[in-house]
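Peer 1: Structure below; questions to follow.
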Amino acid sequence: QVNPEKESSLTLDWDRVRVFDREIAQMFLNLIKTAKEAKVESVSKKEKVKQRPLALNTVEMLRVASAALGMGPQHAMQIAERLYTQGYISYPRTETTHYPENFDLKGCLRQQANNPYWAETVKALLSEGINRPRKGHDAGDHPPITPMRAATEAELGGDGWRLYEYITRHFIATVSADCKYLQTTIAFSIGPERFTCVGKVVTSPGFTEIMPWHSIPLEESLPHCEKGDLFPVGEIKLLEKQTSPPDYLTEAELITLMEKHGIGTDASIPVHINNICQRNYVTVESGRRLKPTNLGIVLVHGYYKIDAELVLPTIRSAVEKQLNLIALGKANYHQVLEHTLDIFKRKFHYFVDSIAGMDELMEVSFSPLAATGKPLSRCGKCHRFMKYIQAKPSRLHCSHCDDTYSLPQNGTIKLYKELRCPLDDFELVLWSSGSRGKSYPLCPYCYNHPPFRDMKKGMGCNECTHPTCQHSLSMLGIGQCVECENGVLVLDSTSGPKWKMACNKCNVIVHFFENAHKVRVSAETCDLCDAALVDVDFNKAKSPLPGDETQHSGCVFCDPVFQDLVELKHAAMRHPMHRGGQGKRQGRGRGKGRRPGGRLNPKKPKDKMAALAAYFV
19 QVNPEKESSL TLDWDRVRVF DREIAQMFLN LIKTAKEAKV ESVSKKEKVK QRPLALNTVE
79 MLRVASAALG MGPQHAMQIA ERLYTQGYIS YPRTETTHYP ENFDLKGCLR QQANNPYWAE
139 TVKALLSEGI NRPRKGHDAG DHPPITPMRA ATEAELGGDG WRLYEYITRH FIATVSADCK
199 YLQTTIAFSI GPERFTCVGK VVTSPGFTEI MPWHSIPLEE SLPHCEKGDL FPVGEIKLLE
259 KQTSPPDYLT EAELITLMEK HGIGTDASIP VHINNICQRN YVTVESGRRL KPTNLGIVLV
319 HGYYKIDAEL VLPTIRSAVE KQLNLIALGK ANYHQVLEHT LDIFKRKFHY FVDSIAGMDE
379 LMEVSFSPLA ATGKPLSRCG KCHRFMKYIQ AKPSRLHCSH CDDTYSLPQN GTIKLYKELR
439 CPLDDFELVL WSSGSRGKSY PLCPYCYNHP PFRDMKKGMG CNECTHPTCQ HSLSMLGIGQ
499 CVECENGVLV LDSTSGPKWK MACNKCNVIV HFFENAHKVR VSAETCDLCD AALVDVDFNK
559 AKSPLPGDET QHSGCVFCDP VFQDLVELKH AAMRHPMHRG GQGKRQGRGR GKGRRPGGRL
619 NPKKPKDKMA ALAAYFV
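As structure tokens, this is what we get:
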């Protein structure tokens, strides 16, 4: 603050506005706190204009009714329609903000000449001449909303009068002059730092006489000064504040955003907002702010999870654009109708097929299931424990992030050695269909949000194409499945000492190297069948290898040393997510050639090995 006169003070704004480092802010304060005077560096004066409003259309009327009059859009529209049917205003559903050249503006203005609230302003305009309204948008539908006959508060009463009063004041403002004011900017220097003070003086109020809420705020008049003048510094303060998150949207802000993104029309916007209120997706708080309810939040999360386009404005906006093209004669009505119906039909069927995702979120939020779940693994986002909900469909729920993750069904889930996914830091879990079945680790996030283009939702680590992760198909895949076209036999690294590899598509399981101490998939491949070689390490007391050897490296399918140590079986339980579809072939160590006819006998390891060898050779 500076004191231009003994009994007054002037608050200056720092040209740097703010800094986010307290120590640097303190440094700037130290630079200037010993200064006794502020020096005027420059004084500039500029005439400015605040334009009168465009003619009133439906969206602007609804916006003002909510923000300034406290009326919901649906209620405001009902009142406007009643005023129209009684002849007080023109048709209230219009997108146009431009008056046609032949519109009788003076005739409408004369109707308001005897109203005590604005009679003087109207008579002055009629005698001095009206200003032509600003050129707005002509949508080709109806003229802007205009008062068509005089009314009194006693006639209309309550909300009807308040809305009529605004419409009339807005109309008078559109034919009034612009507001003009003189803006004075004084730049000061205190030490090495610059400060500014701005003052405004109205020279011609124009339309703000009839719309006083748009008037230039009264500010302290700035002192008369010239460059080089000095003023004593009264006080220098360092203000510490915090940024805050945005507040909930108001109805007026929502209407603006709906218009911007092409959601709804002037006629349907109030219906949309009224629907989300009646369906309890939002509640109207003080200041007409719309607060989403738990139901609304879960619904949006569910749509995002299944089909984000059902939530985003893109689909609705695209349809509105097509309708506009039909109106302009640039698109065929029947083609647009057929195309749009086809899109929504496909989306509906996809949504129905994926409805379990919505059910999961609803159950977690609106039933005690989340409370009954047990902490299992850590979330990669907040690093807090997620709860495992066993009730079908089983899933993991992070109450802190409010996210739910689907899991493979028809099996057991447990934590996998507290290991984490290298992509998203989520702790891995292990799915198993039992001792006679198959098992594989999975990342809860990757299972629901495939990280690579060649992956689909519902794939575990045994189908993950990450090139270096120790749990991925790339590192544990051995060879192509002997029964299905697209499957890869993947080492189950948790199965020891009863080691096995299992197809990541069908229910084939190959047991091998029982009682081996360690089994690893080598980076090298077989020269005959291109399958990955396997390094096996047995305990000396239980080694079945010839010559009492404990270690051997070779091909599971071609190496004669391994022939008696491999046995084919089928999983006792088939997990529904294991698809034998026509996906792109991928993974390491795929065998070459075609599979021979006939079913392999799992009770005859030698016969099975011979068939396997013939197949891969």
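With the first letter of the sequence shown counted as 1, position 595 gets the number 613 in the numbering used here; the numbers rise by one all the way through. Glycine residues also receive a C-beta, built at the ideal position from the N, C-alpha and C atoms. Please read all numbers here as calculations on a predicted model, not as lab measurements.
1. Would you tell me roughly how many angstroms separate the C-alpha atoms of glycine 391 and lysine 405, rounded to the nearest one?
2. Can you tell me whether asparagine 466 is buried or exposed? The criterion is at least 16 other CB atoms within 10 Å of its CB, across all chains shown.
3. Does the distance from the C-beta atom of tyrosine 106 to that of alanine 169 stay below 8 Å?
4. Can you give the Cα-Cα distance for arginine 36 and proline 241, rounded to whole angstroms?
5. Comparing C-alpha positions only, which one of Met376, Phe384, Thr311 sits nearest to cysteine 295?
6. Just the Cα atoms here: how many angstroms apart are methionine 79 and glycine 282?
7. Taking Cβ positions, are lysine 54 and proline 263 nearer each other than 8 Å?
8. Spatial neighbours of lysine 153 within its chain, please: CB distance less than 8 Å, with the 5 preceding and 5 following residues excluded, ordered by chain position.
9. Would you tell me roughly how many angstroms separate the C-alpha atoms of serine 424 and glutamate 269, rounded to the nearest one?
10. Taking the runs of the alpha helix (DSSP H) that are 4 residues or longer, which of them lie wholly in the stretch 50-119?
11. Which residue wins for smallest C-alpha separation from lysine 432, given the options Arg402, Arg396, Asp421, His418?
12. When you compare only the Cα positions, how much space is there between aspartate 159 and proline 426?
13. For glutamine 201, which of helix, strand or coil comes out of DSSP?
14. Nearest to threonine 103 by alpha carbon, out of Asn120, Arg150, Met166, Leu248?
15. With a Cβ-Cβ cutoff of 8 Å, do valine 219 and leucine 248 count as a contact?
16. Would a C-beta distance cut-off of 8 Å place glycine 398 and aspartate 442 closer than the cut-off?
17. Specify the secondary structure class of arginine 413 as computed by DSSP and reduced to three states.
18. Return the CA-CA distance between alanine 520 and arginine 538, expressed in angstroms with no decimal places.
19. Please identify the residue among Glu146, Val354, Val526, Ala534 whose C-alpha is closest to the C-alpha of lysine 339.
20. Among Glu277, Leu546, Gly209, which one has its Cα closest to the Cα of leucine 47?
21. Sorted by chain position, which residues of the same chain lie with C-beta nearer than 6 Å to glutamate 481's C-beta, five sequence neighbours on each side aside?
22. Provide the residue span of the alpha helix (DSSP H) that contains tryptophan 179, from first to last.
23. I'd like to know whether the C-beta atoms of lysine 309 and tyrosine 266 end up nearer to each other than 8 Å.
24. Taking the DSSP output, what are the residues bridged to cysteine 573?
25. Using DSSP's beta-bridge definition, name the partner residues of threonine 301.
26. Report back the beta-carbon spacing between methionine 89 and aspartate 177 to the nearest angstrom; my notes put them in contact at under 8 Å.
27. Measure the alpha-carbon distance for asparagine 342 versus arginine 187 and round it to whole angstroms.
28. Tell me whether leucine 101, by its Cβ, gets closer than 7 Å to a heavy atom of the ligand GDP.
29. If you run the structure through DSSP and keep just helix, strand and coil, what is arginine 334?
30. Nearest CA to the CA of glutamate 113: which residue from Thr76, Asn298, Thr301, Ala85?
31. Relative to the C-alpha of aspartate 196, which residue among Phe206, Ile234, Thr214, Ala205 is closest?
32. In angstroms with no decimal places, state the Cα-to-Cα distance between phenylalanine 189 and methionine 229.
33. Which residue wins for smallest C-alpha separation from aspartate 553, given the options Phe531, Ala559, Pro162?
34. The beta strand (DSSP E) spanning leucine 267 covers which residue range?
35. Ends of the beta strand (DSSP E) at serine 540?
36. Which of the three DSSP states, helix, strand or coil, is assigned to tyrosine 652?
Peer 2: If we stick to the structure as given:
1. 5 Å
2. buried
3. yes
4. 26 Å
5. Minimum Cα distance to cysteine 295 is reached at Thr311.
6. 16 Å
7. no
8. His116
9. Cα-Cα distance, rounded: 36 Å.
10. Here the runs fully enclosed are 76-85, 91-103.
11. Arg396
12. Distance from the CA atom of aspartate 159 to the CA atom of proline 426, rounded to whole angstroms, is 56 Å.
13. Strand.
14. Met166
15. no
16. yes
17. strand
18. 15 Å
19. Val354
20. Gly209
21. Answer for glutamate 481: Leu491, Asn522, listed in chain order.
22. 176-192
23. yes
24. Paired residues: none, contrary to the question.
25. Lys309
26. 6 Å
27. 32 Å
28. By its list of ligands, the structure shown contains no ligand whatsoever, and the ligand GDP lies outside what it can speak to.
29. Residue state, collapsed to three classes: helix.
30. Thr76
31. Ile234
32. 10 Å
33. Phe531
34. That residue, leucine 267, is in no beta strand (DSSP E); it is neither H nor E in DSSP.
35. Per DSSP, serine 540 belongs to the beta strand (DSSP E) from 534-543.
36. This structure leaves residue 652 out entirely; the chain is present only between 19 and 635.
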